[in-house]
Structure formats: structure tokens, C-alpha cells
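Each number in the working numbering corresponds to the 1-based position in the sequence shown with 591 added. Ideal placement from N, C-alpha and C gives every residue a C-beta, glycine not left out. Worksheet: the structure to be examined is printed underneath.
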Amino acid sequence: MPRLRFANRLTMLMFRFLSDQKANIAVIFALAMVPTVYLLGMTLDYTQAVRQRSQLNAAIDAAVIATVTPAMLSQSTTAATTAATKIFNATANGLSGLSAPPTLTVNITNSGLVRTSTVSYTAGSTNNFPILLGSPAWPISGTTSASASGAPNINFYLLLDDSPSMAIAGTPAGITTMVNNTPSQGGCAFACHETHPSSDNLGNPGGEDNYALARSLGVTLRIDLMSQAVANLMSTATTMETTNNNTYKVALYSFDYGFNTIYAPSGLPSSNLSAAASAASNNIQLLQVYDNNCLTSSNCNSDTDTNFESALQNLNVIMPAPGGGTSNTGDTPQEVVFLVTDGVDDEVVSSPATCSQTALSLGSSQYRCQQPFNTTWCNTVKNRGIRIAVLYTEYLQLPTNSWYNSYIAPFNNPSPSTGQIATNLQACASPGLFYDVQSGGDITAALNALFQLVVSTAAHLTQ
């Protein structure tokens, strides 16, 4: 009986204890402190880790960009890796709260002119509550990538038409001036350069040739515009190679009945673009003949003074096999031909069957062939992986001239920009590298635009 009373008494005491609400807040607070402290510690350590990760991510962004700048693209992967590491460490070494220096990984691959870089890191943010979190450091990491195409090193070979047809006045106003001042010739827009003009009875003041007449009248010729455009192009090339941190080399040639070197020190393209500009200004000259139909007093060649095929054949021998244009050891520059011409062949052939147009017999099994440029040698050059950029200075239509109507008009119609001359020159050019300049057009702007097309597409060369 006493035991039963004791048990009942104990039960009542326990019930009263459990139902008593006095001092509950202290008990609940004590119990809640454990998760609260844990969450507070985790929040503080996580916030610190997020801040450090953000700073390290910014550091690898800067590091990866450093590997693909124009200046760095021309350097080795080792140099790029070193640069990336220095940039990353400049930030990482200044961060406090890291458990150890971050581990950085830099992977760089080069495929031709394209560089792809991936930069990543792993690190640990020291925890302020390591016992609560069960770890001395909060792991953080990041990765980023970048890719860029480098500007290639290029050798440029300018092949410039200096035949008599390039003696046409360069603007419509100049053409009108020449026509109005050559009435005894029926009005001639061409400033032909002759050493013996008296043979042609031109009727010019003092018996001068049309070239001297144009100079006295202040008429600018198409060949003058071409010379100015080439000189100006050297300035453009200088600016662009500085910007792109690459190298452009240039050789200048002209062609008429022969193939002439204007600027090619030691027979090779030169990186001295300033000297090339001076050569263009001073040495690109119109072919001077004896008189109409005669190259010299003893060589009357019936004005067969434009042989494009021979010029491109000679140039093809000079140009080496193109490289990728990178600065990697053993690589060589890309090779590009710039052709500036009005697009008409006028040469001696041994058989009329080799001429696409009606050939004139010159006797002794020789024939005068006037035709649009034959693209055979263009294809030979392009098949070697060498690109050809063509600037077509349109051949002027002369509808009142009987010679023009008989021999040139058939392939210069319906217009210079749509006739066979333009069609053949466009076929000669590599894809996207053809530019057409009408009479009076800005040859300097056109040549610069063509240059921009060449260098902007060079990294994507697939031929």
C-alpha cells in the first residue's frame, strides 16, 4: 500500500513538472542556440567564400583575356601561360582568408591562327567555425574560356597595269578636257606617252605628245590615281600591322608587254613599307612608246603592249608556297596578289586559235590578240593556296571609235561592269576579293577597302 501511494505521488509530480510553463523561454532559447549558432557560422563562412570566389573569378577572367590579346597571339603558349599566371596571382596573393594559395590551371591550344584558352582554379576559404561546419575550409573553384583569331603575317605582291590604256584621264572632267583639246585626233581621252609624237601628227602645241598635253592641262591620269592609291595603301598597312601586332611585307611590280620590278629589295617582299610608298609615288610610270603602233623605232608591235598572262606567270615563279601566317617557329607568311588593271589583254600570239576574240594577222605567223584576261594563270596561282585580290579600273567604252567597236566592244558590253572583262576579272579573284571602280571613282578608297577585305578574311583561309 505505501508503494502504491509513492508511485501515485511520483506520477503527480512528473505531471506537474511537465505542465508547469514557468521558465520555458530559457529552456527553448537554450535548445535553439545550437542550430542558430550553426546557421550563423555557416552564413558568415559562406558569405566570405562567395566574396573570395567572386574576386578569383574576376582574376581568371582577366587572365584568360590576356592570353588572346592581339599582342599575345603572336607569342608562344608558354609566354601566354606566364602572363595569365602573373595576372591571376596579382589578385589571388592579395586575398586574405584563403586556406592555401589557389591552384591555377592554364590550358592553351593553337589551331592555325585560332587560339583557345581555358583558365581554372581551385582554392579553399578558411572557415571561422570549422568545428560547427565539420571542415577547416570551404572549397571554391571557377573556370573560364576565351578564343580569338590572330592577324596573319602576309606577303603582298602588287601587280599593276602600266600599259597605254591606263593613260586615260582619271575623271569625267579630265576626259572632257582631253577630248576638247585634241580636235585634230577626233577627241582623244588617252594621254599616250610617246618619244616620237611627230610621227602621228597629233596636232598638239609644240608637237608634244598627249601625255605632255595632259600635264600642261593639269589633267590627272588613271595611272596617277593608281600610284597615289598604292602609296596610300602602305600607310594603311603600317597602321594595321601596328594594331594587329603582325608583319606585312610588300613587293611592287608593273606589267605591260613585259614584267617590271618597281620595288622588291633582293627580289623579295620587304617590310619597309615607307620605302615601298616612295617607290610607288616615284617609280610607277606609264609605258612610254615610240609612236602609235611602235614600241621603239625598230620594233613596231602594233600596240601589243599588255600581256597579263606572262606577268602572272613570272610572278608565280617568284612567290613561294604560302604558310599559315603565324609567328610559330617554322611557319611562313601567307601570300596574296593584288592585281590592278582595266582588264584587256593586247598581246602577240602565234595562232589565232589561242585568242578568244578575232585576232589580227601581223605576218610571219604572228597575230594580235585583244581579249579579256585569260584566267588560266589565275587558277594556277589560286590552286597553290595563294589568294588574288582584283581591283578592276573599268575599261572606258568608246562608241565613236571604230577600232573599239570592232575589237573591244564585243566583250565590254552591255557595260564595263557587266561585260566579259568584268566577268573574267571576277573569276580571277579569290571569293569576295573583287572590287570594281568606275571612271572617276576613288581608286585610293577602293584599294584600301580591298586591303581591309583581304586582312579581315585571312584568318579563315581554306584554300
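CB of residue i within 8 Å of CB of residue j, strictly
| i | j | result |
| --- | --- | --- |
| D753 | Q904 | no |
| A855 | L864 | no |
| V655 | S726 | no |
| N1039 | T827 | yes |
| L686 | Q646 | yes |
| A674 | M663 | yes |
| A760 | A803 | no |
| T709 | T669 | no |
| D847 | T897 | yes |
| Q957 | S947 | no |
| Q819 | T984 | no |
| I1012 | F1002 | yes |
| S872 | N884 | no |
| N795 | F781 | no |
| Y986 | P1005 | no |
| G915 | G703 | yes |
| V705 | T768 | no |
| H784 | L906 | no |
| G1010 | F964 | no |
| S889 | H787 | no |
Close beta carbons around residue i, own chain, < 8 Å, minus the five adjacent residues each side
| i | result |
| --- | --- |
| T967 | E900 |
Neighbourhood of residue i by C-beta distance below 6 Å, restricted to the same chain and skipping five residues each side
| i | result |
| --- | --- |
| N701 | none |
| T713 | T694, S732 |
| Q913 | Note that residue 913 is Pro in the sequence shown, not Gln. Around P913: Q925, E926, G976, I977. |
| A742 | N835, N837 |
| M757 | R813, I814 |
| A653 | I678 |
| L1041 | A980, L982, Y1026 |
| L1016 | G934, V981, Y983 |
CA nearest to the CA of residue i, picked from the options
| i | options | result |
| --- | --- | --- |
| F850 | A902, G794, N892 | A902 |
| I909 | G809, T945, T852 | T852 |
| T1079 | N792, I766, N874, V697 | Since the first and last residues shown for the chain are 592 and 1054, residue 1079 lies out of range. |
| K840 | W994, T767, S1021, F929 | F929 |
| V1028 | Q879, V931, F1042, G715 | V931 |
| E938 | K677, C960, Q988 | C960 |
| V972 | C1019, V935, L989, D936 | C1019 |
| S790 | N823, W729, Y881, N992 | Y881 |
| S738 | A728, H787, A671 | A671 |
| E832 | P661, S889, D922 | P661 |
| T991 | H787, A650, C779 | C779 |
| T762 | S1030, A1037, V1045 | S1030 |
| T829 | A866, T923, G858, S807 | A866 |
| T707 | S740, S857, L808 | S740 |
| S665 | L751, D922, Q1017, L859 | D922 |
| W729 | N792, L816, N919, L635 | L635 |
| P860 | N792, A944, L750, N890 | L750 |
Beta-ladder partner(s) of residue i, from DSSP
| i | result |
| --- | --- |
| E938 | C960 |
| C1019 | Paired residues: none, contrary to the question. |
| V705 | S702, S740 |
| H784 | Q879 |
| F747 | V841, V927 |
| R978 | V927 |
Contacting residues, own chain, Cβ-Cβ under 7 Å from residue i (five flanking each side not counted)
| i | result |
| --- | --- |
| S1047 | none |
| Q1043 | none |
| Q643 | L686, G688, L689, S716, I731 |
| A870 | L843, I853, Y854 |
| A822 | A868, A871, S872 |
| L824 | L1038, N1039, F1042 |
is_contact[residue i, chain D] using C-beta, thresh 8 Å
| i | result |
| --- | --- |
| N680 | In the structure shown, chain D cannot be found, because there is only a single protein chain. |
Residue i: CB within 7 Å of a non-hydrogen atom of the ligand HEM
| i | result |
| --- | --- |
| Y712 | With respect to the ligand HEM, the structure shown offers nothing to examine, as it has no ligands at all. |
*Would you say the stretch 992-1010 touches the stretch 948-958, given that touching needs at least three Cβ pairs under 8 Å?*
yes
*Are the stretch 769-776 and the stretch 737-747 in contact at 8 Å, needing three or more beta carbon pairs?*
no
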